[in-house]
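Asker: This structure is in C-alpha cells; I'll ask about it shortly.
2 protein chains.
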Amino acid sequence: MFSSESTGTKGERTRARIREVALQSFRERGYDDTTVRLIAEEAGVSLGSTNYHFPSKNHLVQELYLEVTRGFRETAARRMSGTTDLVTRLRIAYTTGLEVLEPYHAFGPGFLAAAVSPRSPLNPLSGESEPALAEAVAVFREAVAGSARHGIPGDIAEELPEALTVGYLLLALFWTYDRSEGQRRTRRLLDGALALLGPALPLLRLPAIRRPVRELLALVAEVRA
Amino acid sequence: MFSSESTGTKGERTRARIREVALQSFRERGYDDTTVRLIAEEAGVSLGSTNYHFPSKNHLVQELYLEVTRGFRETAARRMSGTTDLVTRLRIAYTTGLEVLEPYHAFGPGFLAAAVSPRSPLNPLSGESEPALAEAVAVFREAVAGSARHGIPGDIAEELPEALTVGYLLLALFWTYDRSEGQRRTRRLLDGALALLGPALPLLRLPAIRRPVRELLALVAEVRA
DNA sequence: CGCAGAATCTGAACATGTTCAGTTCTGAGA
DNA sequence: TCTCAGAACTGAACATGTTCAGATTCTGCG
Chain A
21 MFSSESTGTK GERTRARIRE VALQSFRERG YDDTTVRLIA EEAGVSLGST NYHFPSKNHL
81 VQELYLEVTR GFRETAARRM SGTTDLVTRL RIAYTTGLEV LEPYHAFGPG FLAAAVSPRS
141 PLNPLSGESE PALAEAVAVF REAVAGSARH GIPGDIAEEL PEALTVGYLL LALFWTYDRS
201 EGQRRTRRLL DGALALLGPA LPLLRLPAIR RPVRELLALV AEVRA
Chain B
21 MFSSESTGTK GERTRARIRE VALQSFRERG YDDTTVRLIA EEAGVSLGST NYHFPSKNHL
81 VQELYLEVTR GFRETAARRM SGTTDLVTRL RIAYTTGLEV LEPYHAFGPG FLAAAVSPRS
141 PLNPLSGESE PALAEAVAVF REAVAGSARH GIPGDIAEEL PEALTVGYLL LALFWTYDRS
201 EGQRRTRRLL DGALALLGPA LPLLRLPAIR RPVRELLALV AEVRA
C-alpha cells in the first residue's frame, strides 16, 4: 500500500497504483480472470493508461515474477546459512522455491500458458525476465558457493548454478501439473532427485561420466528464449 | 486431398474439409496466423460452422498432433527394426521424433504457448490428447521391448516407456527454444544424454541408485495434465 | 410425395488484449 | 504569472476466439 503513496512524478504514482492493483488481482483472481479493463477500473484510470505504463498484460505479470523471486532469494539465503553441505543447501533452495510459488498454484495453468512461449516477455528465460531470472540464479550460485567438500570438478561447478535454475523451472513445471494434495508428488520428485545426487556426485571423477555431463550442463545453462 | 472426397455424410465431408484446410494452414502459416475466420473462408463455410465441427481452435491442432505422431510411430518402428541395442533404439526413436517436428520449428512458440497449459485440450498430457500421446508412448514401448540384454530390472523397465515419452516432450521443449542452425544444440543434448545412459544403466543394480530411480520414474510416468 | 425431427449451418454478438489519434495536464523556464 | 513542449491520459476502434439463437437442409418414415 505504501508504494502508491504520493512520491515521485505523477506518472510514477499512477504506474505504481496500476502495478499494485494488478498484482493484488493476480493473487486473488489469477491470470485469466484479471482483465486489463478490470485493472484500469480498480486503479481509477482508463484502459489506454495501463497500456501506456505497461506495454502489455504480460509486462504486469513480470512485476509479479520479480516480487516473488526477490522473496525467494531472501528467504533461501537466510535458510541456507546454517549448513555447508551441498545437497542440503540445494534441498533448501528448491524447497523454498516451491514455497514461494505456493499461493499461485490454483492459477498455475493460466500463468504457465502465458509464460511458456519463447516469444513471451513473460517467459522466465526471455530477455525481459532477466532481472527475475537473475534472482533465481543467485540463489543457486549461493547454494553452490557456500558448500564445502563437495568435490565437484571446477569446470562443472561453474555451469552448475544456471543448470540448477533450469532444474528449478522444470520442477515448477511439474508442480503446475501436480494436483496431489499439497503438491506432495512434487516433493517426492525433489527428494528422489536429491537422493540420486548424493551417490552420483563422486562419479563425476570418471571421464566417461564427466565429459557428457559437462556438455549437458553447458547446453542447459545456455538455454535462452 | 483425398479425405475431402465425397464420402460419408454431408457433415463428415464438411468436417474433413475444415480439417484439411486447417492443417494446411497450420503448416504454412503457423498457429497464430491461422485464424478461425480464415479457415472458415478457405473451407467455404461460415465462422460458426468450424465451431460446430471442432469445439475450438485447439481441437484443430489436435488433429495435427495426431497426424504428426502417427508418422512418428510408423517411421520410428521401421527404422528400429534393424537393431536390438537399447541405447541405439532410443537414439533412433528420439531422432525420428525430432525429425517429424522439423517442419514446425518456425512456428514452435505459437503452438507451444497454446499447448503447454494443463487445462488446454492441446496439451500433450491432457485427456483429449490421449490418442496422440499413445502413439508416442508406443514408440518408446517398442524401443524398449525390442532390445536385448539391456539388464534393466523388470520393475523399472515397466515404467520406462512413459518416462521416456516425457523425456521426448522435454526434448521437444528444448528444441522449441533452440535457435541454433538446424537445431544442432538439441542433437548435442540428445547425444550427451544417451552417452550418459550407457555407463549409467549398470548402476541400476545398486539399491541406493535403483530405489530413487524407480520412485522418480513412477512419478514422471504418471504425470498427467 | 410430404413431413417431423435431427443434423447442419449461419452470422450477429460478446469478451478481451492491443493500438492509436487525439486531448488534457504538468512543470520548468521566461 | 504565463507559456508550451513533452508527459500522461483517454476512449473508440480493431482483431480474434467463442457462444448462441435461430434458419436451413437433410433423412427416414408414413
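Residue numbers (my numbering), protein chains in the order written: chain A, 21 to 245; chain B, 21 to 245. Don't be surprised by glycine CBs; every beta carbon is placed ideally from N, CA and C. Everything numeric in this text was worked out from a predicted model, so none of it was measured.
1. Pop quiz: Q203/B and H125/B are said to be a contact at Cβ under 8 Å. What is the actual Cβ separation, rounded to whole angstroms?
2. Verify the CB distance criterion: does A228/A have a CB-CB separation below 8 Å to chain B?
3. So with Cβ pairs under 8 Å, would you call V243/B a contact of chain A?
4. How long is the line joining the alpha carbons of F160/A and R98/B, rounded to whole angstroms?
5. Relative to the C-alpha of A165/A, which residue among E178/A, P75/A and L153/A is closest?
6. Going along the chain, which unbroken runs of the alpha helix (DSSP H) with 4 or more residues stay wholly within the stretch 121 to 205 of chain B?
7. Taking only beta carbons into account, state which residues of the stretch 149 to 174 of chain A come closer than 8 Å to chain B, listed in chain order.
8. Does the CB of P129/B have a neighbour CB from chain A at under 8 Å?
9. Closer than 8 Å, Cβ to any Cβ of chain B: which residues of the stretch 104 to 131 of chain A, in chain order?
10. Using 10 angstroms around the beta-carbon of R231/A, count the other beta-carbons present and answer buried if the total reaches 16, otherwise exposed.
11. Measure the beta-carbon distance from T196/A to G130/A and round it to whole angstroms, keeping in mind my assumption that it falls under 8 Å.
12. Is there a C-beta anywhere in chain B that falls below 8 Å from the one on L239/A?
13. Classify S7/A as helix, strand or coil using the three-state DSSP reduction.
14. If distances are taken between C-alpha atoms only, which option among A158/A, V56/A and F92/A comes closest to P75/A?
15. Going by CA-CA distance only, name the one from L193/A, L145/A, T34/A and R109/A that's closest to V186/B.
16. For S23/A, does the count of other Cβ atoms within 10 angstroms reach 16, so buried, or fall short, so exposed?
17. Might you give, ordered along the chain, the residues of its own chain that have their beta carbon closer than 7 Å to the beta carbon of Y114/B, omitting 5 neighbours on each side?
18. With distance defined between alpha-carbon atoms, name the residue in A60/B, E83/B, Q82/B and V81/B nearest to Y72/B.
19. Under a three-way DSSP split, which group does T103/A fall into?
20. In the structure shown, what three-state DSSP assignment does P232/B receive?
21. What are the residues in the stretch 68 to 82 of chain A lying within 9 Å of chain B by C-beta distance?
22. Count the other CB atoms within 10 Å of the CB of A168/B; is the residue buried (16 or more) or exposed (fewer)?
23. Since T196/A meets chain B, which of its residues come closer than 8 Å, beta carbon to beta carbon?
24. Spell out whether any CB of chain A is found under 8 Å from the CB atom of P222/B.
25. Is the beta carbon of L142/B sitting closer than 8 Å to the one on V240/B?
26. For the candidate residues V65/A, E48/A and D52/A, whose alpha-carbon lies nearest to that of T34/A?
27. Spatial neighbours of A96/A within its chain, please: C-beta separation below 8 Å, excluding the five flanking residues on both sides.
28. If you draw a straight line from the C-alpha of S149/B to the C-alpha of S140/B, how long is it?
29. Here's the rule I'm using: 16 or more other beta-carbon atoms within 10 Å means buried, otherwise exposed. How should P144/A be labelled?
30. Return no unless some Cβ of chain B is closer than 8 Å to the Cβ of A133/A.
31. Report the CB separation of L224/A from P173/A in whole angstroms; it is logged as a contact under 8 Å.
32. Just checking: is the beta-carbon of P144/B within a distance shorter than 8 Å of some beta-carbon in chain A?
33. Specify the secondary structure class of E247/A as computed by DSSP and reduced to three states.
34. Cα separation between L184/B and V157/B?
35. Report all residues from its chain with a CB closer than 6 Å to the CB of D198/B; omit the five preceding and five following residues, and keep chain order.
36. Is it right to say K77/B is buried, meaning 16 or more other beta carbons lie within 10 angstroms of its own, or is it exposed?
Answerer: Taking the coordinates as given:
1. 7 Å
2. yes
3. yes
4. 44 Å
5. E178/A
6. 128 to 135, 150 to 165 and 174 to 197
7. none
8. yes
9. G128, P129 and G130
10. exposed
11. Their Cβ separation, rounded to whole angstroms, is 10 Å, which puts T196/A and G130/A out of contact at 8 Å.
12. yes
13. Limits of chain A in this structure are 21 at one end and 245 at the other, which puts residue 7/A out of reach.
14. V56/A
15. L193/A
16. With a pLDDT of 42 at S23/A, under the threshold of 50, the modelled position of that residue is not reliable, and the figure given next carries that caveat. Classification for S23/A: exposed.
17. Y188, L191 and L210
18. A60/B
19. coil
20. helix
21. none
22. exposed
23. P138
24. no
25. no
26. V65/A
27. I112, A113, T116, G117, V159, E162 and A163
28. 10 Å
29. buried
30. yes
31. 6 Å
32. no
33. As shown, chain A starts at 21 and ends at 245. That puts residue 247/A outside it, with no answer to give.
34. 8 Å
35. R205 and T206
36. buried
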